[in-house]
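Chemist: Pasting a structure here, questions to come.
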Amino acid sequence: MKQLPSKFESREALTALIAETFDAVLIEGHRQPSPIHGRVLSEAELAECVQPAAYARTRNFYDGAVSRLSPFVRQGVVDRKTLASIALSGGDKPAEKFIQELIWGEFWQHMAEGRPSGLWQDAEPYKTGFLADDYASELPQDIATGTTPNACLNHFIRDLQATGYVHNHARMYLAAYVVHFRRIQWQAGAAWFLAHLLDGDAAANNYSWQWVASTFGSKPYIFNLENVAKYCGNQVDCRPETNLELDASYDVLSARLFPARAL
Amino acid sequence: MSPQLFWLHEEVLSEALIQTQAAEGCAFLFVFDTVWLSQRPVSLKRIQFIFETLLALPVEIEIVYGDAAQVLKQKALQHKGLSCKVVRPKDPELAVRVDGIASEAGVAVLERSRWFAPPANAFSRFFKFYNAVRGEALTAARGRVGDL
Numbered sequence: 004m005k006q007l008p009s010k011f012e013s014r015e016a017l018t019a020l021i022a023e024t025f026d027a028v029l030i031e032g033h034r035q036p037s038p039i040h041g042r043v044l045s046e047a048e049l050a051e052c053v054q055p056a057a058y059a060r061t062r063n064f065y066d067g068a069v070s071r072l073s074p075f076v077r078q079g080v081v082d083r084k085t086l087a088s089i090a091l092s093g094g095d096k097p098a099e100k101f102i103q104e105l106i107w108g109e110f111w112q113h114m115a116e117g118r119p120s121g122l123w124q125d126a127e128p129y130k131t132g133f134l135a136d137d138y139a140s141e142l143p144q145d146i147a148t149g150t151t152p153n154a155c156l157n158h159f160i161r162d163l164q165a166t167g168y169v170h171n172h173a174r175m176y177l178a179a180y181v182v183h184f185r186r187i188q189w190q191a192g193a194a195w196f197l198a199h200l201l202d203g204d205a206a207a208n209n210y211s212w213q214w215v216a217s218t219f220g221s222k223p224y225i226f227n228l229e230n231v232a233k234y235c236g237n238q239v240d241c242r243p244e245t246n247l248e249l250d251a252s253y254d255v256l257s258a259r260l261f262p263a264r265a266l
Numbered sequence: 010m011s012p013q014l015f016w017l018h019e020e021v022l023s024e025a026l027i028q029t030q031a032a033e034g035c036a037f038l039f040v041f042d043t044v045w046l047s048q049r050p051v052s053l054k055r056i057q058f059i060f061e062t063l064l065a066l067p068v069e070i071e072i073v074y075g076d077a078a079q080v081l082k083q084k085a086l087q088h089k090g091l092s093c094k095v096v097r098p099k100d101p102e103l104a105v106r107v108d109g110i111a112s113e114a115g116v117a118v119l120e121r122s123r124w125f126a127p128p129a130n131a132f133s134r135f136f137k138f139y140n141a142v143r144g145e146a147l148t149a150a151r152g153r154v155g156d157l
């Protein structure tokens, strides 16, 4: 047991203390802090982050008007009800999509409370034509290090590991890649995300991985390069020659990734 | 009056909650629980984010690294008549850990505040859940506007 100080000369001094004190329990590597600082948020800051009308139009884009408040929600700095209130102050209609997404968070919580086993166990069988045993249990090194054959995914992985935050759409791409393109158990990917995300919430994270995997949903979620280019192309390298595994139509990818399901 | 301690954990770093508890005379303790961190390993980024939030809160918080069960038991031994409380976490696995420590160390567990009451049915698809709770969620959020 060790008492920790509550005053530091600099942010670097805090980082150094954490690296030394927590060494035994931290994941390997990744000893840099996030550019996102933990802090208390004023009402004005919250109001600036919550732009429900722009959110409804642009939320799926990598540079869309998402609030980026999830790390603060996860730590209880602000709650979803407060964010819903702020969103509603501009009227019901523009707030609808934003509030729906907040309620998704409550839904995952409802699932985790009702079925806590679903945090780490398949809620349902895979609908991919494969059995759970067909999926590897370890995350491959090239994914863990952001050196996959696909430049766009490496970009998302670098964001995840350098900042502890990655856009929700990119989370879905990464999850689909891990589970369906590489045939890795969703649990390995979920644990990887939980270790890095500042907003790492087991309910939302793990059940979302299950949804992508199809163990909590009616079909597997997949994506192709054209979709990444549409939503992230102005930020991320989406050239076909640097994203060879992803550059195909959905029909071709489905047949390649789920040969038994296509029969 | 017996000493009061509010045990903070990673889900409840709310300024409003802390100010309410401070007004009731509570001191504050946050434990980076080595047992929990071993079960759910995280990056330095996450620890730093939590630590920075603790430092930004407007009360003095005792910050400890160690086995939370031992820390809480030691607190109870050091301060006769100590009344300690904690909010039950949302995360079901963290809740198991906190409940276990609470029963060992005599800590009162408070239920967390919710946006809306959970529906009676165990919905396993989002839109059924959404349709069941939407009205109450909007009403509760509208009621909150005046508080902001």
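Chains as they are written, first to last, in the numbering used here: chain A, 4 to 266; chain B, 10 to 157. Don't be surprised by glycine CBs; every beta carbon is placed ideally from N, CA and C.
Short of 8 Å Cβ to Cβ, which residues in the segment 58–89 of chain B face chain A?
Modeler: The residues in question are Phe58, Ile59, Phe60, Glu61, Thr62, Leu63, Leu64, Ala65, Leu66, Pro67, Glu69, Ile70, Glu71, Ile72, Val73, Tyr74, Gly75, Asp76, Gln79, Val80, Gln83.
Chemist: Specify the secondary structure class of Asp156 of chain B as computed by DSSP and reduced to three states.
Modeler: Taking the first residue of the second sequence as 1, we reach residue 156 of chain B at position 147. Summary for Asp156 of chain B: the model assigns pLDDT 45, below 50, so the residue's position carries little reliability, and this model does not support an answer.
Chemist: Please list the partners that Pro74 of chain A has in chain B, where partner means a Cβ-to-Cβ separation under 7 Å.
Modeler: On the first sequence, position 71 is the one that residue 74 of chain A refers to. Here the neighbours are Phe58.
Chemist: Comparing alpha-carbon positions, which option in A:Lys222, A:Ala165, A:Asp95, A:Ser217 lies nearest Phe196 of chain A?
Modeler: Along the first sequence, read from residue 1 onward, the residue named residue 196 of chain A stands at position 193. It is A:Ala165 whose Cα lies nearest to the Cα of Phe196 of chain A.
Chemist: Kindly confirm or deny that the segment 78–91 of chain A and the segment 217–225 of chain A touch, where touching means at least three C-beta pairs closer than 8 Å.
Modeler: No, the segment 78–91 of chain A does not touch the segment 217–225 of chain A.
Chemist: So, for Ala50 of chain A: in the same chain, excluding its five sequence neighbours on each side, which residues have a beta-carbon less than 7 Å away from its beta-carbon?
Modeler: Indexing the first sequence from 1 puts residue 50 of chain A at position 47. Once the five neighbours on either side are set aside, the close Cβ partners of Ala50 of chain A are Ile89.
Chemist: Who pairs with Gln124 of chain A in a beta bridge, going by DSSP?
Modeler: As a first step, residue 124 of chain A is located in the first sequence; it is residue number 121 there, counting from the start. Beta-bridge pairing links Gln124 of chain A to no other residue.
Chemist: Are the beta-carbon atoms of Ala232 of chain A and Pro101 of chain B separated by less than 8 Å?
Modeler: Here residue 232 of chain A is taken as the residue at index 229 of the first sequence, counted from 1. Here residue 101 of chain B is taken as the residue at index 92 of the second sequence, counted from 1. Going by C-beta atoms, Ala232 of chain A is not nearer than 8 Å to Pro101 of chain B.
Chemist: Using CA atoms only, rank isn't needed, just tell me which of A:Ala154, A:Val169, A:Met4, A:Arg186 is closest to Asn63 of chain A.
Modeler: Numbered from its first residue, the first sequence carries residue 63 of chain A at position 60. Minimum Cα distance to Asn63 of chain A is reached at A:Val169.
Chemist: As an exercise, report each continuous alpha helix (DSSP H) stretch of at least 4 residues that is fully enclosed by the segment 132–164 of chain A, in chain order.
Modeler: Runs of the alpha helix (DSSP H) inside the segment 132–164 of chain A: 144–147.
Chemist: When Cβ atoms are compared, which residues of the segment 38–51 of chain B fall closer than 8 Å to chain A?
Modeler: Here the close residues are Phe41, Thr43, Leu46, Ser47, Arg49, Pro50, Val51.
Chemist: Under 7 Å between beta-carbons, which chain B residues line up against Trp3 of chain A? List them in chain order, please.
Modeler: The question about residue 3 of chain A has no answer here: the residues shown for chain A are numbered 4 through 266.
Chemist: I want to see whether chain B comes within less than 8 Å of Asp125 of chain A, judged by CB atoms only; does it?
Modeler: Walking along the first sequence from the start, residue 125 of chain A turns up at place 122. Taking Cβ atoms only, chain B never reaches closer than 8 Å to Asp125 of chain A, which makes this a no.
Chemist: Straight-line CA distance for Ile59 of chain B to Ser252 of chain A?
Modeler: Position 50 of the second sequence, counted from the start, is the residue given in the question as residue 59 of chain B. Position 249 of the first sequence, counted from the start, is the residue given in the question as residue 252 of chain A. Roughly 43 Å between the two C-alpha positions.
Chemist: Take the Cβ of Leu156 of chain A as the centre, count every other Cβ of all protein chains shown within 10 Å, and call the residue buried at 16 or more, exposed below.
Modeler: The residue you call residue 156 of chain A lines up with position 153 of the first sequence. With 16 or more other Cβ atoms within 10 Å, it is buried.
Chemist: Helix, strand or coil: which one does DSSP assign to Phe25 of chain A?
Modeler: To locate residue 25 of chain A, count along the first sequence from 1; it is residue 22. In the structure shown, Phe25 of chain A sits in coil (DSSP, three-state: anything other than H, G, I, E or B).
Chemist: What does Phe15 of chain B reach in chain A if we use C-beta pairs closer than 8 Å?
Modeler: Against the second sequence, residue 15 of chain B aligns to sequence position 6. Simply none; closest approach about 13 Å.
Chemist: Can you tell me which of the three DSSP states Val181 of chain A falls into?
Modeler: For this step, residue 181 of chain A is matched to residue 178 along the first sequence. Three-state DSSP puts Val181 of chain A in a helix.
Chemist: For Ala131 of chain B, which residues in chain A fall below 7 Å Cβ to Cβ?
Modeler: Here residue 131 of chain B refers to the residue found at position 122 of the second sequence. In chain order: Gly117.
Chemist: Taking Tyr253 of chain A as part of the alpha helix (DSSP H), name the residues at either end of that continuous run.
Modeler: Position 250 of the first sequence, counted from the first residue, corresponds to residue 253 of chain A. Tyr253 of chain A -> alpha helix (DSSP H) spans 253–260.
Chemist: Are Gly1 of chain A and Ser23 of chain B close, meaning C-beta to C-beta below 8 Å?
Modeler: There is no way to answer for residue 1 of chain A, as the model of chain A reaches only from 4 to 266.
Chemist: Let me know the secondary structure DSSP gives Asp119 of chain B once reduced to three states.
Modeler: Along the second sequence, read from residue 1 onward, the residue named residue 119 of chain B stands at position 110. One detail in the question is off: residue 119 of chain B reads as Leu in this sequence, not Asp. Leu119 of chain B: strand per DSSP, three-state reduction.
Chemist: Going along chain A, which residues have a C-beta under 7 Å from Val24 of chain B?
Modeler: As a position in the second sequence, residue 24 of chain B is number 15, starting the count at 1. Looking at the sequence provided, one finds Glu at residue 24 of chain B rather than Val. Residues of chain A passing the Cβ test: Val43.
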